[in-house]
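Notes for the one structure printed next.
Protein chains in written order, with my numbering: chain A, 56 to 345; chain B, 56 to 345.
The structure is reproduced here in structure tokens:
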């Protein structure tokens, strides 16, 4: 399937990510349809030409016309939605998603899905601490990673459709990972970092600290503004991988604590050198000029 | 003392912070002199009109002409410098600094200093992960906090000189803290955050993680590039305060770990709500348009 102006695209869930997908794909000249249970969201999206058509309900016609369906829902709602509405899919439709954890979602959905449709998981690694379509912005993808997360059951065609979406949305890098590797990686780079930011934000109750805060503290706590419904669900769905990463971090942090207690200056310096060297690998490529 | 174009200002140490001070003050029309042991640094500063005059040595004339001397040196070098060169100061000179820890520096220097000069500590809470005068940039101060850290021995005049410097450099906020409160605060907002960033950077050796990294991880590890000579010294000079803050953080992080083990969704959500609410206090005021 080659995605072009004749492809019928349906996005289910127009939050910050679904809305940003809609903006990005509409700007590429595609006809984007959407379903969101919130009436104001659909009205806003229509009034601002973010989508071509929309509904607050699982409209059989809208669903049945879609060649590609992109789900941007909470994981448990995503599963329920498939269970309740999969009879409406067009035969041959390709489904994908933006869900932040995969192992606990992908196999369940592939197992319950009709044989004549295909679901392939994907994860756009971008976000925003503000929520809702009003804050959506397709530029959050331009310097970000897009990960296709196929299982053995996925076809080359479906992987290709995902890669096309990643390219249309102008992600800086498109890659592929199996579900388990994805969840381990996400436990480290995304979930552990949110656990750290939250703990840093709540561990010291001194008043007026904000008067003295530098950029370091602001950087480390930007993601401490966190949507508790979404993230508590994501944490618990990836509990084992996350707990493992938390343990690795705690062990390393304790090592530093011990070196400090023992005034082991050389040990601290050595850790700082390793930290500096490893951080250089993670410098971001500059996004194209907008 | 009113700082104006007739005030002779001397900066000792033209690194990233000393250099940024020099640029900012020179742009305000002041005559800035500098001492740095590195010849290239002085040559660069002169060639780029960052300073008016400079020397690689503790030049008696240069020191003796200064009304205000600003020290931007490693803490232990700062103390040695005062011990070795204080005989050259002009009577009535006001000395200040940019050192990141205070308790272990301020009293020692005030105790050893000649009676006819005054040293008042100050801390510009801004920095940069790159080093050296080539990377200096006075704009790093424009949205930042500037803290005057007086003791009971400091005069109103000296405090006022510090505040004038803060204003000339266009800091967003100028405040005052006693040395112990300063060190406790810095242990939390600056040193603890660097310990976290380092531990996060070195706790997981998986290769190719950089291919999948989102903004969260980059934000939390920006400061993992760390000058080991400076920071190991700052950590050890503020050891007790830092260890206390590390303990507070570890306790909070362990609480979250436990809630996750027990799948205590409500507890996790509650912590997320507290984190979100507290983070809002720390949103940065926008700097003026440049």
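Every residue, glycine too, gets a C-beta built ideally from N, C-alpha and C.
Integer Cβ distance of residue i from residue j, believed to fall under 8 Å
i: residue 88/A; j: residue 106/A; result: 6 Å
i: residue 99/B; j: residue 188/B; result: 6 Å
i: residue 110/B; j: residue 90/B; result: 5 Å
i: residue 186/A; j: residue 282/A; result: 6 Å
i: residue 31/B; j: residue 150/B; result: With chain B covering 56 to 345 only, the question about residue 31/B has no answer from this structure.
i: residue 145/A; j: residue 164/A; result: Not a contact, Cβ separation roughly 17 Å.
i: residue 119/B; j: residue 143/B; result: 5 Å
i: residue 184/A; j: residue 205/A; result: That belief does not hold up - the Cβ atoms of residue 184/A and residue 205/A are roughly 30 Å apart, past 8 Å.
Under 8 Å by beta carbon: chain B residues contacting residue i
i: residue 249/A; result: 271
i: residue 181/A; result: 269, 270
i: residue 230/A; result: 266, 267
i: residue 305/A; result: 305, 308, 309, 312
i: residue 244/A; result: 264, 267, 268, 269, 271, 272
Residue i vs residue j beta-carbon contact at 7 Å
i: residue 301/A; j: residue 276/A; result: no
i: residue 96/B; j: residue 117/B; result: no
i: residue 122/A; j: residue 63/A; result: yes
i: residue 72/A; j: residue 127/A; result: yes
i: residue 322/B; j: residue 316/B; result: no
i: residue 292/B; j: residue 124/B; result: no
i: residue 224/B; j: residue 79/B; result: yes
i: residue 304/B; j: residue 258/A; result: yes
i: residue 297/A; j: residue 290/A; result: yes
i: residue 196/B; j: residue 244/A; result: no
i: residue 191/B; j: residue 84/B; result: no
i: residue 330/A; j: residue 285/B; result: no
i: residue 267/A; j: residue 235/B; result: no
i: residue 274/A; j: residue 274/B; result: yes
i: residue 113/B; j: residue 140/B; result: yes
Residues that residue i contacts on chain A, provided the C-beta gap is smaller than 9 Å
i: residue 59/B; result: Those do not exist, as residue 59/B stays about 29 Å from chain A at its closest Cβ, beyond 9 Å.
i: residue 318/B; result: 291, 294
i: residue 300/B; result: 258, 259
Option nearest residue i by Cα separation, candidates the options
i: residue 288/A; options: 78/A, 208/A, 159/A, 216/A; result: 159/A
i: residue 265/B; options: 65/A, 213/A, 268/A, 335/A; result: 335/A
i: residue 180/B; options: 227/B, 162/B, 151/B; result: 227/B
i: residue 278/A; options: 269/B, 286/B, 285/B, 108/B; result: 269/B
i: residue 280/A; options: 174/B, 204/B, 326/B, 213/B; result: 326/B
i: residue 219/B; options: 234/B, 232/B, 207/B, 203/B; result: 203/B
i: residue 213/B; options: 142/B, 82/B, 177/B, 271/B; result: 177/B
i: residue 162/A; options: 233/A, 148/A, 65/A, 328/A; result: 233/A
i: residue 222/A; options: 306/A, 193/A, 247/A; result: 193/A
i: residue 172/A; options: 208/A, 154/A, 184/A; result: 208/A
i: residue 246/A; options: 229/A, 328/A, 294/A; result: 294/A
i: residue 136/B; options: 147/B, 108/B, 148/B, 168/B; result: 168/B
Residue i: contacting residues in chain A (beta-carbon distance under 7 Å)
i: residue 336/B; result: 265
i: residue 202/B; result: 267
i: residue 191/B; result: Near residue 191/B there are no residues of chain A at all, since even the closest Cβ is about 16 Å away, more than 7 Å.
Chain B residues whose Cβ lies nearer than 9 Å to that of residue i
i: residue 225/A; result: Simply none; closest approach about 16 Å.
i: residue 199/A; result: 269, 270
i: residue 238/A; result: Within 9 Å Cβ-Cβ: nothing; residue 238/A doesn't reach chain B, min ~12 Å.
i: residue 220/A; result: Ordered by position in chain B, no residue passes the 9 Å Cβ test against residue 220/A, which lies about 18 Å from the chain.
Residues that residue i contacts on chain A, provided the C-beta gap is smaller than 8 Å
i: residue 279/B; result: 330, 331, 333, 334
Partner residues on chain B for residue i, Cβ-Cβ distance less than 7 Å
i: residue 326/A; result: 253, 257
i: residue 286/A; result: 327
task: Run through the stretch 221-247 of chain B for me and flag every whole alpha helix (DSSP H) of 4 or more residues, listed as ranges in chain order.
output: Counting whole runs of 4 or more residues, the stretch 221-247 of chain B contains the alpha helix (DSSP H) stretches 234-241.
Ordered list of beta strand (DSSP E) runs contained in the stretch 129-192 of chain A, each at least 3 residues: For secondary structure counted as the beta strand (DSSP E) over 3 or more consecutive residues, the stretch 129-192 of chain A holds these complete runs in sequence order: 149-152, 176-180.
query: Which whole runs of the alpha helix (DSSP H) in the stretch 241-317 of chain A are 4 residues long or more, in chain order?
result: The stretch 241-317 of chain A contains these whole alpha helix (DSSP H) runs: 248-257, 270-276, 283-292, 294-316.
task: Kindly provide the ranges of any beta strand (DSSP E) runs that are 3 or more residues long and lie completely inside the stretch 91-130 of chain B, ordered along the chain.
output: Runs of the beta strand (DSSP E) inside the stretch 91-130 of chain B: 108-110, 123-126.
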